[in-house]
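Chemist: Structure incoming, see below.
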Amino acid sequence: MKRSLDGYKDIHIVNLHKSLENGRVICALMHLYFPEEIDYKQLSERSTDNWELALRVARDKLNVSTILEVQDWSAA
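Take 1 as the starting number for the sequence shown in UniProt numbering and just add one per residue.
Encoded structure:
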């Protein structure tokens, strides 16, 4: 995952759980494959907004069922 996100200069993955809290890592992954779905430069400062966006894209584009709640990962 780290290598895939090298082009995202604001992403620094050291501790996976901490790195996932603000939702930017998941948004970056979704943006990597579906750039038309996420305006990465306009991500919210709110982690819950970022998580909701990333999970919506995963659900809509990848047909992934949401088994996580935003609150499970976000720093809110």
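Ideal Cβ placement from N, Cα and C applies to all residues, glycine included.
Using three-state DSSP, classify Thr66 as helix, strand or coil.
Modeler: As a position in the sequence shown, residue 66 is number 66, starting the count at 1. If DSSP states are grouped into helix, strand and coil, Thr66 belongs with coil.
Chemist: Buried or exposed: Ser47, going by 16 or more other Cβ atoms within 10 Å of its Cβ?
Modeler: Indexing the sequence shown from 1 puts residue 47 at position 47. Ser47 is buried by the Cβ-count criterion.
Chemist: By Cβ distance, which residues of its chain are closer than 7 Å to Ile38, with the 5 residues on each side in sequence left out?
Modeler: Taking the first residue of the sequence shown as position 1, residue 38 is located at position 38. Cβ within range, chain order: Cys27, Met30, His31, Leu53 and Val57.
Chemist: Rounded to whole angstroms, what is the Cα-Cα separation between Gln42 and Leu16?
Modeler: Translated into the one-based positions of the sequence shown, residue 42 becomes position 42. Translated into the one-based positions of the sequence shown, residue 16 becomes position 16. Roughly 23 Å between the two C-alpha positions.
Chemist: Where does Lys61 fall in DSSP's three states?
Modeler: As a first step, residue 61 must be located in the sequence shown, where it is residue number 61. Lys61 falls in the helix class under three-state DSSP.
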